[in-house]
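Reading through the structure tokens given below for one structure.
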Amino acid sequence: MTFTFVTLFENLIAPYFEDSILKRSLDAKIIEINFENPRDYTRNKHHKVDDYQAGGGAGLLMFTQPLFDVLRHIKQQDPQAHIVFPVPAGKPFKQIDAKRLSKKEHIVFVSGRYEGIDERVIEVFGDELFSIGDYVLTGGELPSLVMCDAISRNIEGVLGNVDSLMEESFEEGLLEAPSFGKPKKYEDYEIPSEFLKGNHAKISTLKNEMSILKTQYFRPDLFCRKNIKH
Ligand code: ADE
Numbered sequence: 000m001t002f003t004f005v006t007l008f009e010n011l012i013a014p015y016f017e018d019s020i021l022k023r024s025l026d027a028k029i030i031e032i033n034f035e036n037p038r039d040y041t042r043n044k045h046h047k048v049d050d051y052q053a054g055g056g057a058g059l060l061m062f063t064q065p066l067f068d069v070l071r072h073i074k075q076q077d078p079q080a081h082i083v084f085p086v087p088a089g090k091p092f093k094q095i096d097a098k099r100l101s102k103k104e105h106i107v108f109v110s111g112r113y114e115g116i117d118e119r120v121i122e123v124f125g126d127e128l129f130s131i132g133d134y135v136l137t138g139g140e141l142p143s144l145v146m147c148d149a150i151s152r153n154i155e156g157v158l159g160n161v162d163s164l165m166e167e168s169f170e171e172g173l174l175e176a177p178s179f180g181k182p183k184k185y186e187d188y189e190i191p192s193e194f195l196k197g198n199h200a201k202i203s204t205l206k207n208e209m210s211i212l213k214t215q216y217f218r219p220d221l222f223c224r225k226n227i228k229h
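Numbering (numbering that gives the first Met the number 0), first residue to last: 0 to 229.
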């Protein structure tokens, strides 16, 4: 899988791939990352990448021409490239999207800065628009990384233990059950007694119940949608 980041600020993104799971995946060539800087596509003398909004309006937008050119270039190189715009007005990005997008060959994240991106760029090139939450960030770099991370861990070979993909939060529309480490008693805190007995069927039933209760408590919105009988 190839991820291309269209960004004015490569340095905000690149360090995330210098450690841990995504570094390993890069080294193992399971994923590949590229960067394209709209500044390299400017045609003006000063390599200007921001511009005033048509009709006035507060703040600057990303300059339209370099974005058209960089995205055209990417599409010419790979017509199948799937172009994603992280924007507050996008649909909420969910685990199901991370799974679906993990099957693509090439995803392009276009990070806006300033007050955003000319809507025509989004209309012409955008395959999907996503928001990562109901708040406004200073740019699209963090949302791009968030989505890239969530997508990557669903790509075969990225996670050492595939079982962890089966048991985790949102997999069944529920939050993951709590996990307990060792020792059985740490200071005054004990783990639930059932976990000590080693009856895996019982532990599995208990985990399922905990998962339901946790969802009900922390995410009643998810729970109502799920309509669980218990
Ligand atoms: N850009 C700025 N804020 C954002 C958000 N919440 N989600 C996606 N992209 C954004």
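Built from N, CA and C at the ideal position, the CB exists for glycine as well.
**Prompt:** Can we count Leu59 as close to the ligand ADE, meaning its CB is less than 7 angstroms from some heavy atom?
**Reply:** Leu59: no, Cβ never under 7 angstroms from the ligand ADE.
**Request:** Measuring alpha carbon to alpha carbon, tell me which of Pro182, Ser130, Met165 ends up nearest Ala88.
**Result:** When each option's Cα is compared against that of Ala88, the closest is Ser130.
**Request:** Examine the ligand ADE and report whether any of its heavy atoms sits within less than 7 angstroms of the Cβ of Gly89.
**Result:** Remark: the C-beta of Gly89 is in contact range of the ligand ADE, defined as less than 7 angstroms to any heavy atom.
**Alpha carbon of His229 to alpha carbon of Val69, nearest angstrom** = Note that His229 scores 48 on pLDDT, short of 50, meaning its location in the model is unreliable; the coordinates nonetheless yield the value given after this. Their Cα atoms are separated by approximately 53 angstroms.
**Request:** Pull up the distance between the alpha-carbon of Glu118 and that of Thr41, whole angstroms please.
**Result:** So the alpha carbons of these two residues sit roughly 19 angstroms apart.
**Prompt:** What three-state label does DSSP hand Glu9 in the structure shown?
**Reply:** DSSP places Glu9 in helix when its eight states are reduced to three.
**Asked** With 16 other CB atoms within 10 Å as the buried threshold, where does Arg112 fall?
**Response** With 16 or more Cβ atoms within 10 Å of its Cβ, Arg112 is classed as buried.
**Request:** Scan the stretch 18-95 and note each continuous beta strand (DSSP E) run of 3 residues or more that stays entirely inside, going in chain order.
**Result:** DSSP runs (the beta strand (DSSP E)) wholly in the stretch 18-95: 31-35, 81-91.
**Prompt:** Exposed or buried, Pro85, counting other C-beta atoms within 10 Å across all chains shown (16 or more means buried)?
**Reply:** For Pro85, the number of other beta carbons within 10 angstroms of its own is at least 16, and it is reported as buried.
**Asked** Looking at Ser210 and the ligand ADE, is the gap between the Cβ and the nearest heavy atom below 7 angstroms?
**Response** The answer is no for Ser210.
**Request:** Put Val161 into one of helix, strand or coil per three-state DSSP.
**Result:** Coil at Val161, not helix or strand.
**Request:** Give me whichever residues DSSP pairs with Ile154 in a beta bridge.
**Result:** Looking at the DSSP assignment, Ile154 forms no beta bridge with any residue, so it has no partner.
**Message:** Could you pull the DSSP bridge partners for Val109 from this structure?
**Reply:** Partner(s): Val5.
**Prompt:** Can Val83 be considered in contact with the ligand ADE, in the sense that its beta carbon sits closer than 7 angstroms to one or more heavy atoms?
**Reply:** With a cutoff of 7 angstroms, Val83 does not count as near the ligand ADE, since its C-beta is closer than that to no heavy atom of the ligand.
**Asked** Gln52 to Phe62, Cα distance in whole Å?
**Response** Taking the straight line joining both Cα atoms gives about 9 angstroms.
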